[in-house]
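One structure is given here, and the rest of the page talks about it.
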Amino acid sequence: MTKITVTKDIENIVANYAYGEDIGFGKTLAPVMIEMKYANGSWSEPEFKPYGPLQIDPAAKVLHYAQEIFEGMKAYKNDSDEVYLFRPDANAKRFNASAIRMAMPEVDVDTFIQTVTTFTDVMSEHVPKGINKSLYLRPFMIATEPTLGVKASTEYSYFVIGCLVERYFANPSVKVMVELDNCRAAPGGIGFAKTGGNYGASLQAYQRTRDHDCDQTLWLDAINKKYVEELSGMNFFAVIGDELVTPELTDTILAGITRDSILKIAKNFGLKAVEKKIDINELLEAIEKGQCSEAFACGTASVLTPIESLEFKDKTYKLTHPEGKKSKEIKDYFLRLQRGLETDANSWAIKVN
Ligand code: COI
Numbered sequence: 097m098t099k100i101t102v103t104k105d106i107e108n109i110v111a112n113y114a115y116g117e118d119i120g121f122g123k124t125l126a127p128v129m130i131e132m133k134y135a136n137g138s139w140s141e142p143e144f145k146p147y148g149p150l151q152i153d154p155a156a157k158v159l160h161y162a163q164e165i166f167e168g169m170k171a172y173k174n175d176s177d178e179v180y181l182f183r184p185d186a187n188a189k190r191f192n193a194s195a196i197r198m199a200m201p202e203v204d205v206d207t208f209i210q211t212v213t214t215f216t217d218v219m220s221e222h223v224p225k226g227i228n229k230s231l232y233l234r235p236f237m238i239a240t241e242p243t244l245g246v247k248a249s250t251e252y253s254y255f256v257i258g259c260l261v262e263r264y265f266a267n268p269s270v271k272v273m274v275e276l277d278n279c280r281a282a283p284g285g286i287g288f289a290k291t292g293g294n295y296g297a298s299l300q301a302y303q304r305t306r307d308h309d310c311d312q313t314l315w316l317d318a319i320n321k322k323y324v325e326e327l328s329g330m331n332f333f334a335v336i337g338d339e340l341v342t343p344e345l346t347d348t349i350l351a352g353i354t355r356d357s358i359l360k361i362a363k364n365f366g367l368k369a370v371e372k373k374i375d376i377n378e379l380l381e382a383i384e385k386g387q388c389s390e391a392f393a394c395g396t397a398s399v400l401t402p403i404e405s406l407e408f409k410d411k412t413y414k415l416t417h418p419e420g421k422k423s424k425e426i427k428d429y430f431l432r433l434q435r436g437l438e439t440d441a442n443s444w445a446i447k448v449n
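Heads up: the sequence shown begins at 97 in our numbering, then just goes up one per residue.
Rendered as structure tokens:
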């Protein structure tokens, strides 16, 4: 596979990149992007471009039938100015699992890793330092064939864009509302795929969640409206006694890479990792009895964010440790791990620069 060319123009654009103090989340966009096109059954070579609006045909299938997938990943800088990616191979594999479900072409795993690594390397001087800061990368693919038949597109574009980010949520912990009207994903559907429709489907409930002064929606399974699935764009964990419990994966739940990593390191913190069906009524009872002492949201964007309370049918259930306790220990370790500051037995942190 050929190296991605970084021209003098691209280097100059990156060298002159200017941004303010308040980088926020998702608004301080990197000044360059990578694009790769798919046509006639194969991908072109990836190419760096200045960041800018796309020219897209109004009939492109993505605009009508939502044939689109994406990934979320971060690059982290430590005090020695070393920049790391975290498990980019896992993102590449999940991207392809989403592609298959959405009838889109896969991207070669090495090519995917090369695009995100080169993008990060080019942007490395701007990766912000600090425990809550990073460069967020958003690889995505859209269907570009300009025809309105409901069929898989024969043409696609793959992009990597990025942005400098700090904390996803305004507050260090979140209030969660359990959604009972809408459902996010049904068996056999697209819930496990990282595709825009799942996020669009969550927005109406998010408005209700905000009306109740909560920050995140917790989704239950579509059939029984009983078993906890995930939050909108992040996975759910609860600490119950010495168990770290999370819903077992089904085709309605996104297989979070942060989720998987936390399950694998739980034992370092004296917790037994348990993946199972979580009955919302049993969970709320465990919170009331103080058996479930803490809960948290996790994902690339949200990292590990403690849950203060769960609202269910207008009743609020407060967690004993709303600021997190065990989860804080895990989070502190995890943040260091992502920055190459812990011995990484799993070789998850990959040095880029
Ligand atoms: C991520 O965590 O990377 C996501 O894609 C979820 C979204 C909340 C930004």
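A virtual CB, placed ideally from N, CA and C, is assigned to each residue, including glycine.
Assuming residue i contacts residue j (C-beta within less than 8 Å), just tell me the rounded distance between them.
| i | j | result |
| --- | --- | --- |
| residue 291 | residue 198 | 6 Å |
| residue 217 | residue 449 | 6 Å |
| residue 157 | residue 163 | 5 Å |
| residue 179 | residue 186 | The Cβ separation is near 18 Å, so there is no contact. |
| residue 438 | residue 365 | With a Cβ gap of about 13 Å, residue 438 and residue 365 do not count as contacting. |
| residue 222 | residue 113 | 6 Å |
Would you say the beta carbon of residue i is closer than 7 Å to some non-hydrogen atom of ligand 1?
| i | result |
| --- | --- |
| residue 237 | no |
| residue 198 | no |
| residue 168 | yes |
| residue 397 | yes |
| residue 129 | no |
Hey, would you say residue i sits closer than 8 Å to residue j, going by beta carbons?
| i | j | result |
| --- | --- | --- |
| residue 237 | residue 254 | yes |
| residue 312 | residue 299 | no |
| residue 260 | residue 283 | no |
| residue 353 | residue 234 | no |
| residue 414 | residue 404 | yes |
| residue 423 | residue 390 | yes |
| residue 115 | residue 257 | no |
| residue 435 | residue 174 | yes |
| residue 314 | residue 273 | yes |
| residue 321 | residue 276 | yes |
| residue 420 | residue 262 | no |
| residue 338 | residue 367 | yes |
| residue 53 | residue 402 | With the chain running from 97 to 449 in the structure shown, residue 53 is simply not present. |
Rounded to a whole number of angstroms, what is the C-alpha to C-alpha distance between residue i and residue j?
| i | j | result |
| --- | --- | --- |
| residue 340 | residue 431 | 19 Å |
| residue 271 | residue 306 | 10 Å |
| residue 342 | residue 358 | 10 Å |
| residue 102 | residue 215 | 10 Å |
| residue 105 | residue 143 | 13 Å |
| residue 375 | residue 153 | 46 Å |
| residue 200 | residue 159 | 15 Å |
| residue 371 | residue 325 | 11 Å |
| residue 189 | residue 351 | 11 Å |
| residue 345 | residue 304 | 26 Å |
| residue 251 | residue 242 | 9 Å |
| residue 295 | residue 302 | 10 Å |
| residue 194 | residue 111 | 35 Å |
| residue 107 | residue 100 | 13 Å |
Could you check if residue i belongs to the surroundings of ligand 2, using beta carbon to heavy atom distance under 7 Å?
| i | result |
| --- | --- |
| residue 329 | Judged by which ligands are present, ligand 2 is missing from the structure shown, whose ligands are ligand 1. |
Taking three-plus beta-carbon pairs below 8 Å as touching, is the stretch 384-398 in contact with the stretch 316-336?
yes
The stretch 117-128 / the stretch 202-209 touching (three or more Cβ pairs under 8 Å):
no
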